[in-house]
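First the structure, in the form of C-alpha cells, and then the observations on it.
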Amino acid sequence: MSVPALELNGLKKNFGKAEIIRGIDLSIGKAERHAIIGPNGAGKSTLFNLITARFPPSAGTVKLHGEDLTGLQPFEINRRGLSRSFQITNIFPKMTVFENVRCALLWAQGYKYSFWNFVNRSRKLTEGTEAILEQINLANRRDLPAGTLSYAEQRALEIGITIAGGANVIMLDEPTAGMSHSETDYITDLILKVTEGKTLIMVEHDMGVVFGLADRISVLVYGEIIATGAPEAVRADPKVQEAYLGAALEAEH
Amino acid sequence: MDLILVNLIDGLVTGLLLFMLSAGLTLIFSMMGVLNFAHASFYMLGAYFAYQISLALGFWLGLLIAPLIVGVIGAGVERYGLRRVHQYGHVPELIFTFGLALLIEELVQFIWGKNQMPYNVPDVLNFTAFSISGNSIPAFKVFMIFVSVGIFLGLLFVLTKTRVGMIIQAALSYPRTVEALGHNVPLIFMGVFGVGTALAGVAGVIAGPVLGTFPGMAFVLGSIVFVTIVIGGLGSLWGALVASLLIGWITTFAKSYNIEMEGILNAIGIATPENLSDNPLRDFWALTSPQIADILPYILMVLILIFRPQGLFGKRES
Amino acid sequence: MIDPVTDVKGARPDEQITTNPADASQRMRMQTPMIAVAPWVIAILVLLFLPLVFTNNSALTIMNQMSITIIFALAYNMLLGQAGMLSFGHAVYAGVGGFACMHIMNMTDFFASIPLVILPIFGGLFGMGLAMIVGSFSTRSAGTVFAMISLGVGELIAASSVIIVAFFGGEEGVSGDRTYAQPFFGVEFLQQIEVYYLTAAWVIVSALLMFLWSRTPVGRMANAVRDNPERAEFLGYSSRWVRFYSFVASGFFAGIAGGLFAINYEILTEENLNTTSSGVILLVTFLGGVGFFFGPIIGAVVFTLVQTVLSLQTELWAFYAGSLFLATVMFFPGGLAGLLMMHVPVFKLGKAGHLVMPYIKTLIPAAIGVLGLAALVEMTFHYRHAATGDNEMTVFWTTFDSHTLLPWLIAGAITIIGLGIARATAPDLKEAWNEANTAGGGA
Amino acid sequence: MKNITKFGAVSALSLIIGASSAFAADIKIAFIDPLSGPFASTGTNGLHQFEFAAEYMVNDKGGLLDGKTMEVVGFDNKISPKESLIQLQVAIDQGIRFIVQGNSSGVANALTEAIEKHNKRNPDSRVLFLNYAAVDPALTNEKCNFWHFRFDANADIKMDALTDVMVENKDIKKVYIIGQDYSFGKAVSDAANRMLKDKAPEIEVVGDELHPIGKVKDFTPYARKVVSSGADAVITGNWGADMLGLGKSIIENGFEGPIYTYYAAGSGITAAFGESGKDRIRLISQGSINPIGSEEARELYNAFLKKYPDGNIDQSRIFNTIGMLSQAIEEAGTADDVVAVATALESMEYESMWGGKLFMRPQDHQLIQDMHVGVHTNDGLDFDYDQSGYGIKNESTVEMASMDSPTTCEMKRP
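Chains as they are written, first to last, in this note's numbering: chain V, 6 to 258; chain X, 19 to 336; chain U, 3 to 445; chain S, 291 to 704.
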C-alpha cells in the first residue's frame with residue numbers, strides 16, 4: 006500500500022485546561038475526497054488549523070506524504086503540496102481578481118523571492134492565471150478588486166487561490182457556508198471540477214454537499230473521531246445517528 | 019545611601035507624571051486602536067491653559083478648569099476628527115494624530131508666542147518640604163505625588179467599581195459584543211478620549227511649573243509616552259503604572275550615578291584597548307550612564323518587543 | 003492594532019489608502035509598450051529642460067532637494083504603501099548612507115579614483131546593510147511591533163549621532179568636498195547645474211528601478227502580505243521574508259537618497275537622522291498619496307515648495323503645512339495622487355468637460371475664501387506679535403495698516419463671500435460629479 | 291499628470307523667488323537663523339535687533355556711500371544645516387553679499403564651509419559671513435577662513451574672562467561643570483578645566499558632566515549630584531530650555547552658590563528665573579547694559595523699546611556688527627566688492643556705544659572686546675529684560691579679553 010496523502014497520529018490540542026482535540030488518528034489516501042463533519046464546536050476548524058500549523062499541536066504528529074510536518078511554518082507546509090481555504094473568506098481584497106490568483110501561482114512556478122523577473126513578462130504565469138480564472142468562471146471579473154465581488158464569487162476566488170499553486174492535497178473549510186441553494190450547487194460543481202485527481206479534505210455542514218462529494222466521511226464530536234467510513238456506512242452507524250447525524254438528517258428532510 | 023532615597027523620590031515623581039499621560043493613552047490605544055501621537059500635545063495645552071487661567075484666577079482654579087477644557091477639546095477632536103478618519107483605517111488615524119500634534123504646537127506658538135511662559139509654582143507650595151542631607155525636596159513635588167496617586171486610585175475605582183468602568187473594561191476586550199449589547203460605543207470612545215486627554219491636561223498643569231511651559235514641551239515628552247505603554251503592555255493600566263515607574267527610576271538613577279562603559283567592559287573581562295584616543299570605538303568606550311539615560315527606555319522597548327512583543331503586562335500582541 | 007489587515011475583511015470598494023498597482027499593471031499589460039514608456043520619456047524630457055526655464059542656482063538647489071525627497075519618499079512608500087509597514091525611523095537609513103558617502107569623500111585616495119556619479123551606490127549599500135541588520139529582528143511582524151521597533155531604533159541611532167562622534171561627527175556633522183572625485187568626462191561638479199543633472203539622472207534611475215521592483219514576484223507579494231499576511235503564508239511565501247526584502251530594498255533606495263544629499267550639500271549632520279526627518283518623510287509620502295506609485299513624487303514636490311518657498315513668505319508656513327496635511331488626511335485619505343486619480347474614470351467616460359464649469363464655480367470662490375482666511379490669520383498674527391510701532395504689513399502684495407478696521411473688514415468679507423459661494427455651489431458640483439461618474443446618460 | 295503638477299509648482303516657485311527679490315534696498319544683509327520651530331524666539335529677537343540696527347544706525351542717518359540704504363532680510367533656516375544651505379543659495383541668488391547667522395555652531399560650521407566653497411567656485415558672486423553668535427572656537431581656529439568674521443567672543447575667551455573673575459572669589463573651592471553633550475558643551479568643559487587648573491590649581495573640579503541636548507525633561511537628578519558634590523559654584527554653557535531647566539532645578543533642590551552661565555538672560559529666561567535667580571545667576575557677556583555703555587546706547591535702547599516694548603537688547607554685538615560693517619563699507623568705498631570690505635574689516639578698531647573698544651584680530655577674524663560678568667538682579671538697573679524687573683548688572687569687567695590668546699588659524703587671503 007502506498008503512503009497516505011495525509012496521516013494524523015494522536016493529534017491533541019489544549020487551550021489552557023480545555024481539551025479541544027482529544028487525540029485524533031486519521032489516514033487519508035491519495036486522490037481521496039474526505040469530508041469531516043460534526044456539530045458546532047466539535048473542533049473541526051481547530052483540526053484544520055493544527056494540520057496547517059496555524060496553531061502548534063499539544064501532542065501528536067501530522068504527516069504529509071509520509072513526511073512529518075512538526076515544527077514547520079505554514080509557508081513551508083504549503084511548499085510541500087498542501088493548500089487550504091478558510092472558513093471566513095480570506096483573499097486579498099484590495100488586489101484584482103487576476104492578481105489574487107497570480108500571487109497564488111508565483112511560488113509554484115518557482116519565482117520565489119526573485120526581483121529580477123517581471124511578473125507581467127511571463128507568458129506562463131499569465132496563461133496559468135487565466136486558465137484558473139476560466140476554471141472558476143471569474144474570467145470576466147479579472148480586473149475588479151477582489152473585495153468588490155459578490156460573496157459566492159469571493160468563495161469561488163478563494164477556492165481558485167487554494168488550488169492555483171497545484172497542491173495535491175486541498176483542504177477546504179466550509180466552502181459553501183452561508184450560500185443559497187443555487188450558489189451551493191455552483192460551488193459543489195466547481196469543487197468537483199477543480200479537485201479532479203487530488204486529495205480533498207473538507208469541513209462541511211451541508212449534508213447534500215457532503216454526500217455528493219465525499220468518498221469517505223469522518224465524524225468529529227467533542228474533539229474525537231467517532232466514526233470514519235464510506236458515506237452509507239457512516240450514515241448507518243448508530244453511534245453517529247445518536248450523537249449527531251440523526252438529528253441533522255431529520256432536520257435536513 | 020541618602021542619595022538613593024532622594025533618587026527614589028525623584029524617580030517616583032517622574033514616573034507618576036509619566037503615568038498620568040500613559041494611563042489615558044493606554045486606555046485610548048487599547049479601546050480604539052489609535053496610537054495617539056497628539057497625546058503629549060494635550061499635556062502641553064493643559065500647561066498653557068493653566069498658565070493663562072492662573073494669571074486671572076490663580077493656580078488652584080487653573081488646576082480645576084484647565085483639564086476640563088483640555089478634555090472637552092479632546093472629545094471634540096475625537097468626535098469631529100478621529101471618528102471621520104476612523105473609517106479609512108488605523109494608519110490614517112495615526113497619521114491624523116501625528117498631524118494634529120504638529121498643528122497644536124503651531125497653534126500654541128501662534129497664540130502664546132515662542133518664549134517660555136513664566137508659569138510658576140504657587141506661593142503656598144513654594145517651600146522646601148524636607149531635606150535629606152542637603153538635598154531639598156520641594157513641597158510641590160510632594161503635592162505632585164499626592165495628585166497623581168489620587169488620580170490613579172480614582173481611575174482604579176471608576177474602572178473596577180462602577181458600571182461605566184465595567185462597560186469600558188468589557189469594551190477594551192470585546193468592542194463588538196459591547197456594541198451588540200446596546201451600549202453606545204462611539205459615545206464611550208468619545209468619553210474615554212476626553213477623559214484620557216483631560217488626564218494628560220492635569221499632568222500638564224502640575225508639570226508646567228516644574229519642567230517649564232514652552233512650545234517644545236510636548237515634543238520632548240511625545241514618544242516616551244508610547245514607549246511606556248508598549249513596555250507596560252497595551253491596554254494594561256497596571257502595566258502602564260509599572261512601566262512608568264520603571265522608566266522614572268531607571269532614568270533617574272542612570273543620571274545620578276556616573277557608570278562608565280569602560281568600567282562595565284573591564285568588569286566583564288574586556289580590557290581597555292591601548293591608544294584609546296585613536297580607536298574608532300573610542301566614543302563607545304567613553305560612554306557614561308547620564309549620557310544615555312534618556313535613550314535607555316528606547317533600548318528597553320526594543321528588547322521587550324523582540325523578546326516579549328505583548329509587553330510586560332499585556333495580554334495581546336499589537 | 004494598526005495592522006491594516008484587521009479591517010480589511012469588509013473592504014470598501016472606494017478605499018484608496020493603499021497601493022493598488024494591480025490596476026496599473028493590468029493597464030500596462032494591455033497597452034502598447036509606447037504608452038507604458040511615455041511617462042518616463044516625458045519625465046526625462048522635463049528634467050532635461052527644467053534648468054532652461056529656471057536658470058538661477060537657488061531654483062536648482064530647490065529642485066535638487068525635491069529630487070532627493072522624491073527618491074526618499076518613493077523608498078519610504080515601498081514600505082508604507084506597498085508592504086503596509088509603518089516606519090517612524092526611516093531617516094536613519096538615508097542618513098547612514100549619506101554619512102558613509104561623506105566618509106568616502108574624505109578618503110582622499112579612494113575618492114579620487116572613482117567618479118562622483120557612482121557615489122550614491124555606496125550610500126545605497128550602507129543603507130541596505132543597516133536595513134538588513136535591523137530588519138532581521140524588526141520585520142517579524144507588521145503593525146505596532148514593527149512601528150515601535152522602528153521608532154526605538156531610530157531614536158537610538160539619532161541619539162548616537164551626538165555620542166559616537168568618530169562616525170557621525172557630533173552636532174557639527176561630517177563635511178567634505180565633492181570636487182575631489184575623479185572628473186567624470188571632464189565634469190568636476192563645481193557648478194549647481196552639473197549637480198542638478200547628476201541628481202536628475204539618479205531620480206530617473208531610482209524611480210524606474212523602484213517601479214520595476216513593484217512588478218517583480220517579491221514586489222507583488224509585498225502587496226499580498228500587506229493585504230493579508232496569513233493568506234500569503236498559505237501560498238508558500240513567508241510574510242516575514244517578504245517584509246524583510248521590502249525593508250532591505252527600501253533601505254537601499256533611502257541610502258541612495260542619502261548619498262545624493264551628501265553630494266548636494268557636502269555635509270551631513272544629526273538632522274539627517276533624527277525623528278523629525280523620519281516624521282517629515284511620513285508626512286510627505288502620505289500627503290502625496292500612498293496608494294499610487296507616483297503619489298510620493300507629488301508629495302515631495304509640494305512639501306519641498308512649502309518648506310523652502312512658502313517659508314520665505316511667512317513665518318507661519320508650518321501652520322499652513324500642518325493644516326494642509328490634516329485636511330488631506332481627513333478628506334482625501336488617498337492623498338493628492340488619490341485626488342487626481344479620482345478623475346480617471348471621469349476621463350474614461352469622456353465626461354471631464356461636464357466638470358469644468360462646476361469646478362470653476364466652486365473651487366475658485368473656495369480658493370479665494372481660503373486665501374482670505376489666510377490673510378486673516380496673518381493679520382491676527384501680525385496684530386498680536388509685531389512690534390508696537392510696526393503697524394504696516396504686507397499680505398498678497400498689498401501693504402496696509404493692520405491696526406485699522408478696513409483691512410479686517412475686507413479680508414473678512416472676502417473669506418465669507420468666497421467660502422459662502424463655494425458652499426452654495428457645492429451641491430451642484432456634487433451632482434455634476436455623480437453625473438460625470440455615471441456611465442451612459444447625456445453625452 | 292505628475293509632470294504637469296511639477297511644472298506648475300516650479301513655475302510658482304520662480305514667480306515667488308522673483309517677487310521676493312523685488313525689494314528696493316541697496317545693501318542687503320541675509321539673516322539666516324531659525325524663525326520658526328523651537329528656537330524661533332531667539333532667531334526672531336535677533337532679527338528684530340538687526341532690523342532695528344540697520345534702520346536706526348544706518349538708514350535714519352542717511353545711509354552709506356552717499357545714501358545707499360541697508361536692509362536685513364530674514365531667511366528661516368529652521369536651525370537645520372540643510373535648510374541653511376538652501377536659504378544661503380536663495381540669498382546669493384537675490385544678490386545678497388552679506389550673510390549673518392548666529393544660532394548653533396553646527397549651522398555656522400555648515401555655512402562657513404559652504405561659503406568658502408561657493409566663493410572658490412563662483413568668484414563673481416562671493417559673499418561674507420558675519421557670525422554674530424556662534425562661539426565654537428574651531429570657527430576661528432582650524433576651520434577659519436577669510437570670509438568668516440566673528441563678532442561674539444568665542445567660548446574660550448568667555449571662559450578665560452569667567453575664570454579670571456571666579457578665581458577672585460575666594461569662597462569658591464569646589465566647582466561643578468555641567469553642559470550639553472555636543473561640541474559647544476564639550477568646548478566649555480575643556481576650557482573650564484584647563485583654565486581653572488592654570489589659574490587656580492587649588493580649586494577642585496568636583497564634577498564634569500554632559501547631558502543630552504534638548505532631551506532632558508527633568509534636571510532633578512543632575513541637581514542632586516551637584517548638591518551632593520558639595521560644589522561652591524557651577525559653570526554651565528547651557529542655553530534655551532536646557533539652561534532654564536537646569537538652573538531652576540539646581541536652585542530648587544538646595545544649591546546655594548553662584549551659577550556661572552553663558553546664556554541665562556533674555557528670551558523669557560530672565561523672567562522665568564525671576565526672584566529665584568537673584569544674586570545666584572552670573573552671566574558672561576560683552577557690551578554693558580547695566581550700567582548702560584553710553585548715552586547714545588541709552589537713546590538707542592529707548593528707541594528700541596518704543597518699537598518693541600517687550601523686546602530685549604540681549605545681543606548688543608548685533609549693533610557692533612552693523613556698525614563695523616557700515617564702517618568697513620565706507621572705508622572700502624563699495625558694498626559690492628566683498629574682498630575690499632573684508633580687507634577693511636580686518637584689523638578694524640571700532641569705538642562701541644556699549645562701552646570699550648573693539649578690535650577685529652586679523653590673524654583669525656575674531657573680535658576682541660571687553661567682557662563683563664554680570665549678576666541677575668532687580669537692583670539698580672538701567673534696563674531690565676523680559677519686562678520682568680530683573681536684568682543683568684555688571685560686577686566685573688575684563689578689558690580686551692584674550693587679546694593675545696593663541697590661534698591655530700592659517701588665514702589664506704585671496
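The beta carbon of each residue, even a glycine, is placed where N, CA and C say it ideally should be.
Worksheet entry | Residue-level contact to chain U via CB, E700 of chain S, 7 Å cutoff | No - not a single Cβ of chain U is within 7 Å of the one on E700 of chain S.
Worksheet item: What are the boundary residues of the beta strand (DSSP E) that includes M712 of chain S?
Response: No answer is possible for residue 712 of chain S: it lies beyond the span of chain S, which begins at 291 and ends at 704.
Worksheet item: In the stretch 131-208 of chain V, which residue ranges form an unbroken beta strand (DSSP E) of at least 3 residues, counting only runs that do not cross its ends?
Response: Runs found: 174-178, 204-208.
Practice prompt. List the residues of chain X whose Cβ lies closer than 7 Å to the Cβ of V167 of chain U, in chain order.
Written response: Neighbourhood of V167 of chain U in chain X, by CB distance below 7 Å: D301, in chain order.
Practice prompt. Note down, in chain order, all residues in the stretch 288-317 of chain U with a beta-carbon under 8 Å from any beta-carbon belonging to chain V.
Written response: Result list empty, no residue passes.
Item to complete: Would you check if the distance between the CB atom of E38 of chain V and the CB atom of D178 of chain V is smaller than 7 Å?
Response: The residue you asked about is not Glu; residue 38 of chain V is Arg in the sequence shown. No, the pair does not count as a contact, with Cβ atoms beyond the cut-off.
Worksheet item: Between the beta-carbon of T246 of chain X and the beta-carbon of I265 of chain X, is there less than 7 Å?
Response: Yes; because the gap between Cβ atoms is below 7 Å, this pair is in contact.
Worksheet entry | Below-7 Å beta-carbon distance, D626 of chain S vs any chain U residue | Taking Cβ atoms only, chain U never reaches closer than 7 Å to D626 of chain S, which makes this a no.
Worksheet item: Between the beta-carbon of S370 of chain S and the beta-carbon of L401 of chain S, is there less than 7 Å?
Response: S370 of chain S places its beta carbon 7 Å or farther from that of L401 of chain S.
Worksheet item: What are the uninterrupted segments assigned as alpha helix (DSSP H) that are 4 or more residues long and contained completely in the stretch 500-549 of chain S, given in chain order?
Response: Segments of the alpha helix (DSSP H) lying fully in the stretch 500-549 of chain S: 510-518, 530-542.
Discussion item. Please classify L75 of chain X as buried or exposed, where buried requires at least 16 neighbouring CB atoms within 10 angstroms.
Written reply: With fewer than 16 other CB atoms across the displayed protein chains lying within 10 angstroms of its CB, L75 of chain X is exposed.
Worksheet item: Should I647 of chain S go down as buried or exposed, given a rule of 16 or more other Cβ atoms within 10 Å for buried?
Response: The sequence shown places Lys at residue 647 of chain S, rather than the Ile named in the question. So K647 of chain S counts as exposed.
Discussion item. Just to check my reading of the structure: F170 of chain U and E272 of chain U have Cβ atoms closer than 8 Å, yes? What is that Cβ distance to the nearest angstrom?
Written reply: In this structure F170 of chain U touches E272 of chain U by the C-beta definition: roughly 7 Å separates them, less than 8 Å.
Worksheet item: Which residue spans inside the stretch 192-220 of chain X form an unbroken alpha helix (DSSP H) run of at least 4?
Response: With a minimum length of 4 residues, the continuous alpha helix (DSSP H) runs that stay inside the stretch 192-220 of chain X are 193-198.
Worksheet item: Counting pairs of beta carbons, one from the stretch 419-429 of chain S and one from the stretch 380-393 of chain S, are three or more of them closer than 8 Å?
Response: They touch, by the three-pair rule.
Worksheet item: Considering only residues of the stretch 154-179 of chain X, which uninterrupted beta strand (DSSP E) runs meet the minimum length of 3 residues and lie entirely inside it, listed in chain order?
Response: Those beta strand (DSSP E) runs which fall completely within the stretch 154-179 of chain X and span 3+ residues do not exist here.
Worksheet item: Beta-carbon of I322 of chain X versus every beta-carbon of chain U: anything under 7 Å?
Response: No, no contact with chain U.
Worksheet item: Shortest alpha-carbon distance to I468 of chain S belongs to which of S:N483, S:C699, S:F673?
Response: Nearest C-alpha to I468 of chain S among S:N483, S:C699, S:F673: S:N483.
Worksheet item: Are the beta-carbon atoms belonging to E494 of chain S and K538 of chain S less than 7 Å from one another?
Response: No, the pair does not count as a contact, with Cβ atoms beyond the cut-off.
Worksheet item: Where does M381 of chain U sit, in a helix, a strand or coil, going by DSSP?
Response: Looking at M381 of chain U - three-state DSSP - the assignment turns out to be helix.
Worksheet item: With N580 of chain S and G679 of chain S assumed to form a contact (beta carbons below 8 Å), what rounded beta-carbon distance in angstroms separates them?
Response: So it is not a contact: roughly 13 Å between Cβ atoms.
Worksheet item: Taking a cut of 8 Å between CB atoms, which residues from the stretch 353-369 of chain S lie near chain U?
Response: Listed by position along the chain: F365, D366, K368.
Fill in: Expected contact under 8 Å - CB spacing of Q339 of chain S and S60 of chain U to nearest Å
About 26 Å separates the two Cβ atoms, so there is no contact after all.
Worksheet entry | 9 Å Cβ cut-off: residues of chain U touching T233 of chain V | Those do not exist, as T233 of chain V stays about 26 Å from chain U at its closest Cβ, beyond 9 Å.
Worksheet entry | Buried/exposed call for T440 of chain U, threshold 16 Cβ in 10 Å | By the 10 Å Cβ count, T440 of chain U comes out exposed.
Worksheet item: Any idea what DSSP makes of L420 of chain S, helix, strand or coil?
Response: Note: L420 of chain S maps to strand in three-state DSSP.
Worksheet item: How big is the Cα-Cα spacing for A209 of chain U and L47 of chain U?
Response: Answer to the nearest angstrom: the Cα atoms are 15 Å apart.
Worksheet entry | Where E335 of chain X falls: helix, strand or coil (DSSP) | Residue confidence for E335 of chain X is low, a pLDDT of 45 falling below 50, so the modelled location carries little weight; the figure read from the coordinates is stated next. In the displayed model, E335 of chain X falls within coil according to three-state DSSP, outside both helix and strand.
Fill in: Rounded Cβ spacing between S88 of chain V and A172 of chain V (contact assumed at less than 8 Å)
A Cβ-Cβ separation of about 4 Å places S88 of chain V in contact with A172 of chain V under the 8 Å criterion.
Discussion item. If you measure between the beta carbons of I29 of chain V and I230 of chain V, is that distance less than 7 Å?
Written reply: The answer is yes: Cβ separation under 7 Å.
Practice prompt. Would you mind working out which of U:S152, U:M344, U:L127 sits nearest S138 of chain U, comparing C-alpha positions?
Written response: By alpha-carbon distance to S138 of chain U, the top candidate from U:S152, U:M344, U:L127 is U:S152.
Worksheet item: Should the stretch 139-151 of chain U be called in touch with the stretch 112-126 of chain U, which here means at least 3 C-beta pairs below 8 Å?
Response: No, the stretch 139-151 of chain U is not in contact with the stretch 112-126 of chain U.
Worksheet item: In chain order, what residues of the same chain lie with their CB nearer than 7 Å to the CB of D148 of chain V, ignoring the 5 residues before and after it?
Response: Spatial neighbours of D148 of chain V in its own chain (CB-CB distance under 7 Å, excluding positions within 5 residues in sequence) are listed in chain order as T101, F103.
Worksheet item: Is there contact here, the stretch 57-66 of chain V with the stretch 133-152 of chain V, by at least three beta-carbon pairs under 8 Å?
Response: In this structure the stretch 57-66 of chain V does not lie against the stretch 133-152 of chain V, because fewer than three pairs of beta carbons, one per stretch, are closer than 8 Å.
Worksheet item: Expressed to the nearest angstrom, what Euclidean distance is found between the alpha-carbon atoms of I283 of chain U and G117 of chain X?
Response: Going by the C-alpha atoms only, they are around 13 Å apart.
Worksheet item: Which residues in chain U sit within 9 Å of L69 of chain V, going by Cβ to Cβ distance?
Response: Result: empty, since nearest Cβ-Cβ is about 14 Å, beyond 9 Å.
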